[in-house]
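Okay, so here's the structure we're looking at.
Residue numbers (this note's numbering), protein chains in the order written: chain A, 696 to 917; chain B, 62 to 175.
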C-alpha cells in the first residue's frame, strides 16, 4: 500500500516522524503548564461551545485596542469559559457551581470576570441578585456575599452578562478552585431559578480573563 | 531564511506539521487543528556566519567577522531560529472549561546562522 501512495519527498517518515510528534506533545503540555493531556470529565454540547465562543469573541471585540495585554506581554494570559453545574437545593435561589483546573501553586491575577445568563423577562420589574457562597464543601446554606444586584428593565429573552469583579478577585487569589454562586430573583413572580435550571441548551457560563503571576522576575537571556 | 531543499545543506528551516487527529488530541484541543513545529537544521560555514538577514543580532555578526578575520579556527556558528510567532490555542481542560491562550514564540518562521 505504501508503494501505491505517492510519497511526500520532504515528509519525514517512521522514527523521525514519531520523534517529532513526541517533541510537539511535550512542548505543548509544557507551555500550557499541563502535566498530561486533559481527560474530559463530560462532553460539552457543541452548540453550547459555539454560543460561548461567540460571546468570548464579542467580548474580545469590545476590548479597547491595545488593552492591558499589550503592556504586559511577559505574563501569559488565559481566557476561560466555565460552564455552570446548576442545582436547586435551596429554592428559590439557584446554585451555580464552577470548577477551575489551574494548579494550586499558580498565583492568578484576574482581569475580567462576567457571568452570562439566558433570561426570559416577561415584565420589567424583575430584580436579580448574585451571591458568592462559601466554599463548595459547604454547598447550599453557607454564608453568602453579595456580588451584585440588578433590576432588569428590558423585557424579552436573551443573554445578559453580569460583571463579577472586583468582589471575585479574592476568590482567585485564594487556594480554592471551586466557585459557587447563588442567584436570587425578586419581582414579577417568574421563577428565574427554575427557568435557568431547566434550559440545558442555554447553560449559564462564566468568562474570566486571568494572568499567571510568574514567581520572581524573569530575566531575558541574551 | 532558506527553506530546506534537497540540494543544499546550508542552515535552513525544515517544515513539519503535526495534525492533532493523528496523535488523538483533537478531542481536547478545539483550535487549531494542528501544530506547525518547524525547526532549524543545516551547516553554518564561516563565510555565511552572521550574513545580513541570517544573523540573530548585529553584535553577533561583528563578533563572527572578527573571528573569521583572525583566522582562528576555534568557535563556530549555529543554525538557530531568527524569527518566531505565537500559537493561539483553544482547548478543554479536565473540568470541560474552555481555555484560550496565546503561547509566545511557539512557531519558528525563519532560521539563520548565529
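Note that the Cβ used here is the ideal one computed from N, Cα and C, for glycine as well.
Name the two residues that bound the continuous beta strand (DSSP E) containing residue i.
i                      : result
residue 828 of chain A : 821-828
residue 812 of chain A : 802-816
residue 845 of chain A : 839-847
residue 729 of chain A : It is not in any beta strand (DSSP E) - residue 729 of chain A carries neither H nor E in the DSSP assignment.
residue 172 of chain B : 159-174
residue 783 of chain A : Looking at the DSSP string, residue 783 of chain A is not in any beta strand (DSSP E), and its letter there is neither H nor E.
residue 792 of chain A : 789-794
residue 740 of chain A : Taken as a continuous stretch (DSSP letters only), residue 740 of chain A belongs to no beta strand (DSSP E), as it is neither H nor E.
residue 877 of chain A : 873-881
residue 147 of chain B : 140-153
residue 855 of chain A : 851-858
residue 908 of chain A : 900-908
Which value, in whole angstroms, describes the spacing of the CA atoms of residue i and residue j?
i                      : j                      : result
residue 144 of chain B : residue 826 of chain A : 48 Å
residue 70 of chain B  : residue 172 of chain B : 13 Å
residue 90 of chain B  : residue 722 of chain A : 14 Å
residue 96 of chain B  : residue 908 of chain A : 26 Å
residue 898 of chain A : residue 809 of chain A : 14 Å
residue 85 of chain B  : residue 731 of chain A : 13 Å
residue 99 of chain B  : residue 794 of chain A : 36 Å
residue 904 of chain A : residue 807 of chain A : 5 Å
residue 764 of chain A : residue 68 of chain B  : With a pLDDT of 43 at residue 764 of chain A, under the threshold of 50, the modelled position of this residue cannot be trusted, and the question is left open.
residue 75 of chain B  : residue 154 of chain B : 31 Å
residue 878 of chain A : residue 737 of chain A : 24 Å
residue 709 of chain A : residue 743 of chain A : 40 Å
residue 900 of chain A : residue 741 of chain A : 14 Å
residue 140 of chain B : residue 106 of chain B : 10 Å
residue 779 of chain A : residue 142 of chain B : 43 Å
residue 880 of chain A : residue 752 of chain A : 29 Å
residue 866 of chain A : residue 791 of chain A : 15 Å
residue 152 of chain B : residue 92 of chain B  : 7 Å
residue 850 of chain A : residue 156 of chain B : 34 Å
residue 802 of chain A : residue 147 of chain B : 23 Å
residue 921 of chain A : residue 854 of chain A : Absent from the model: residue 921 of chain A. The displayed extent of chain A is 696 to 917, so no value can be given.
residue 733 of chain A : residue 787 of chain A : 36 Å
residue 858 of chain A : residue 820 of chain A : 20 Å
residue 861 of chain A : residue 724 of chain A : 31 Å
residue 783 of chain A : residue 887 of chain A : 11 Å
Determine whether the beta carbon atoms of residue i and residue j lie at a separation below 8 Å.
i                      : j                      : result
residue 816 of chain A : residue 847 of chain A : yes
residue 840 of chain A : residue 882 of chain A : no
residue 776 of chain A : residue 87 of chain B  : no
residue 65 of chain B  : residue 169 of chain B : no
residue 161 of chain B : residue 773 of chain A : yes
residue 875 of chain A : residue 844 of chain A : no
residue 906 of chain A : residue 804 of chain A : yes
residue 796 of chain A : residue 728 of chain A : no
residue 149 of chain B : residue 166 of chain B : no
residue 94 of chain B  : residue 83 of chain B  : no
residue 174 of chain B : residue 72 of chain B  : yes
residue 856 of chain A : residue 811 of chain A : yes
Could you tell me whether the stretch 714-723 of chain A touches the stretch 736-750 of chain A, using the rule of 3 or more Cβ pairs below 8 Å? no
Whole beta strand (DSSP E) runs in the stretch 71-106 of chain B with 3 or more residues, listed along the chain? 73-75, 78-80, 90-92, 95-97, 100-102
Output needed in chain order: residues of the stretch 151-162 of chain B with a Cβ under 8 Å from some Cβ in chain C. Any reference to chain C falls outside this structure, whose protein chains are A and B.
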